[in-house]
Amino acid sequence: MFCPVVDEVVLQPVASCAMPVTKGMKIKTNSDLTKKARESVMEFLLVNHPLDCPICDQGGECDLQDQSMAFGSDRSRHQVEYDGKRAVEDKNIGPLVKTIMTRCIQCTRCVRFANEIAGVPDLGTTGRGNELQIGTYVEKLFASELSGNVIDICPVGALTSKPYSFMARPWETRKTESVDVMDATGSNIVVSHRTGEVLRVLPRLNEDVNEEWISDKTRFAIDGLKRQRLLTPMIKDAGGSLRPCSWEEALFAVASKIRQTHATQIAAVAGPLNDLGVAVEKQPEYLAESLMALKDLMNRFNTELVCTEESFTSASGGSDLRSNYIMNDGIIGVEDTDVLLLVGTNPRYEAPIFNARIRKSFIHNDLEVGLIGADVDLTYDYTYLGESGKALDGLIAGKGDFAKVCPLSRHFYFLFLSY
């Protein structure tokens, strides 16, 4: 943004970001003329920018504030009473991103993110010069599972978080590094909190996992910590509506319902994350208290319908639960592959950050993608092979164009959905 430098040959400011390096070139990066040029750039950026800093949610972490302090002047030549400042109508792009477009400096970061990273070309520019505006052309939502990232990359307060609006200033909060649990990607995050209350979630840079992005589910799921939480038991009344009740009333209602149910209609399922799995794997001397209690309860109901999942960790089975979801090549490995086969999965909504990695590899590495499953929009092109097991049989038999590409692959990547 502030790239003017002075070339000693032409003796005038040039844009260093667009100036090719030549042999014998001499430039000045801290001369009086360079500083004046940067002040002029800053003045142009501020000429239509409103004085909203005291009420702007970006205050305290605003790039424009920082750069105005570093490169700007202490006075302005702009005469408001003469020609006024430009005002732009705010756009409604959804319930997550708040827009105050009068603050926009037309850097087009959000437009590039929507088109290049998210793969959803909903944002663009209209008009030219002083009439340039960023929006959605027609009134529509920014329909992306990564839309919240435009909040982070916006250098001013034009795009901010609606749920976080007017909640806190950055210097009032404490920050705790953590890992996202909303999907299997394990995005690195920073949790901002104040007096024990979680206020927002921001991405934490990790080039091997999520780079600098997080999904909207990761960013905004904290809303569920405050609203529509089940803090007390609920019971259905005669009209079928749920009403709050005490634990005693709820347990009596459950017991009454069980008494009215025949033993053949009562069953129990034990998953792989119960305490038996932990005991067998880490501390065998511990008894499986939960399973024993469950078994005793089922005996009281006179039923033998107690079963475990196929992936249940036991001494006899010895299955590894972690192998059900871990990638043996890592998330970053998809950037080195040339052929990717997706089976029964929709990574765009099941793992949005990983899907962005796939799109990145598709754009830069000419990645060939094949899909067996539901025909969905993944934000990149792929070869649709069908949604039944016959499609996989045909692929093994070498039928179709995609089957011919697979043997030529230097690095084949196979991704399937695991429950």
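In the working numbering, the protein residues as written are 113 to 531.
In this text, a Cβ means the ideal position worked out from N, Cα and C, and glycines have one as well.
- prompt: If you draw a straight line from the alpha carbon of A380 to that of N318, how long is it in whole angstroms?
  reply: Distance from the CA of A380 to the CA of N318, rounded to the nearest whole angstrom, comes to 41 Å.
- prompt: Between N322, L529 and T307, which lies nearest to V291 when the distance is taken from Cα to Cα?
  reply: If we check each option's Cα against that of V291, N322 comes out closest.
- request: Could you tell me whether the region 412–420 touches the region 364–379, using the rule of 3 or more Cβ pairs below 8 Å?
  value: The region 412–420 is in contact with the region 364–379.
For R240, the three-state DSSP class (helix, strand or coil): In this structure, DSSP gives R240 a state outside helix and strand, which the three-state scheme calls coil.
task: Using 10 angstroms around the beta-carbon of Y276, count the other beta-carbons present and answer buried if the total reaches 16, otherwise exposed.
output: Y276 should be labelled buried.
Pairwise C-alpha distance: M213 and V200: One C-alpha to the other measures close to 6 Å.
task: Under the assumption that R471 contacts Y492 (Cβ atoms under 8 Å), give the Cβ distance between them as a whole number of angstroms.
output: With 8 Å as the limit, R471 and Y492 qualify as a contact, their Cβ atoms being about 5 Å apart.
message: Give me the residue from F514, E480, V302 and L497 with the minimum Cα distance to D487.
response: When each option's Cα is compared against that of D487, the closest is L497.
query: Out of curiosity, what's the CA-to-CA distance linking G298 and I444?
result: Computed Cα separation, rounded: 13 Å.
- request: Give the straight-line distance between the Cα atoms of V446 and L529, rounded to the nearest whole angstrom.
  value: If you draw a straight line from the Cα of V446 to the Cα of L529, it comes to about 16 Å.
- request: Could you tell me the distance, in whole angstroms, from the CA atom of L235 to the CA atom of Y249?
  value: Near 8 Å, if we compare the C-alpha coordinates of Y249 and L235.
Reference G269; option with closest CA among Q245, E173 and V232: Measuring C-alpha to C-alpha distances from G269 to each of Q245, E173 and V232 identifies E173 as the nearest.
query: Thinking just about the alpha-carbon of each residue, which of V451, R522, A463 and D119 is nearest to the one in Y494?
result: Among V451, R522, A463 and D119, the Cα nearest to that of Y494 is on V451.
Three-state class that DSSP yields for H305 in the structure shown: In the three-state scheme derived from DSSP, where H, G and I count as helix and E and B as strand, H305 is classed as strand.
Simplified DSSP assignment, three categories, for C165: Of the three classes helix, strand and coil, the one that applies to C165 here is helix, per DSSP.
task: Can you tell me which of the three DSSP states Q372 falls into?
output: If DSSP states are grouped into helix, strand and coil, Q372 belongs with coil.
Spatial distance of L490 from E228 (CA atoms): Distance between the alpha carbons of L490 and E228: 14 Å.
- prompt: Along the chain, where does the beta strand (DSSP E) that runs through Y496 open and close?
  reply: Taken as a continuous stretch (DSSP letters only), the beta strand (DSSP E) holding Y496 covers T495 to G498.
task: Assuming P459 and E257 form a contact by the criterion Cβ under 8 Å, report the distance between their Cβ atoms to the nearest whole angstrom.
output: About 10 Å separates the two Cβ atoms, so there is no contact after all.
- prompt: On the three-state DSSP scale, how would you describe R534?
  reply: Outside the shown range of the chain (113 to 531) lies residue 534, about which nothing can therefore be said.
task: Kindly list the residues whose CB is nearer than 7 Å to the CB of V310, restricted to its own chain and excluding five residues on each side of it in sequence; keep chain order.
output: Cβ-Cβ distances below 7 Å link V310 to V303, I334 and L337 in the same chain, with the five nearest sequence neighbours on each side left out; the list follows chain order.
- prompt: Since I484 sits in a beta bridge, which residues does DSSP pair it with?
  reply: Partner(s): V455 and G498.
- prompt: Can the beta-carbon of L504 be found less than 8 Å from the beta-carbon of I484?
  reply: Yes; because the gap between Cβ atoms is below 8 Å, this pair is in contact.
message: Buried or exposed for A230, going by 16 or more other Cβ atoms inside 10 Å?
response: So A230 counts as buried.
- prompt: Apart from the five residues just before and just after S273, which ones in its own chain have a Cβ nearer than 6 Å to its Cβ?
  reply: In chain order, I263 place their CB closer than 6 Å to the CB of S273, counting only its own chain and leaving out the 5 sequence neighbours on each side.
task: Run the CB neighbour count on C419, radius 10 Å, all protein chains shown included, and call it buried at 16 or more, exposed below.
output: By the C-beta density criterion, C419 is exposed, having fewer than 16 other C-beta atoms within 10 angstroms.
Euclidean distance between Cα positions of S353 and P345: Distance from the CA atom of S353 to the CA atom of P345, rounded to whole angstroms, is 13 Å.
Where L317 sits in the DSSP three-state scheme: Note: L317 maps to coil in three-state DSSP.
field: Rounded distance between the beta-carbons of L208 and G260, thought under 8 Å
entry: Yes, G260 and L208 are in contact; Cβ-Cβ is about 6 Å, under 8 Å.
message: Short of 6 Å in beta carbon distance, which residues of its chain neighbour T449, apart from the five on each side in sequence? Order them along the chain.
response: Taken in chain order, the residues that qualify are H523 and Y525.
task: Look at the Cβ atom of L157, then the Cβ atom of G206, and state whether they are nearer than 8 Å.
output: Note that the C-beta distance between L157 and G206 is not below 8 Å.
Cutoff 6 Å; reference P125; Cβ partners in own chain excluding five residues on either side: Around P125: P116, V118 and A149.
field: Extent of the continuous beta strand (DSSP E) run through L271
entry: Its beta strand (DSSP E) spans residues L271 to S273.
task: Taking 8 Å as the cut-off, decide whether the C-beta atoms of N160 and R198 are in contact.
output: Contact flag set, yes.
query: Measuring CA to CA, which of K210, V232, G239 and N204 is closest to Q218?
result: Residue G239 holds the alpha-carbon nearest to the alpha-carbon of Q218 among K210, V232, G239 and N204.
task: Keeping to the same chain, check which residues put their C-beta closer than 6 Å to that of S128; ignore five residues upstream and five downstream.
output: C115 and V117, listed in sequence order.
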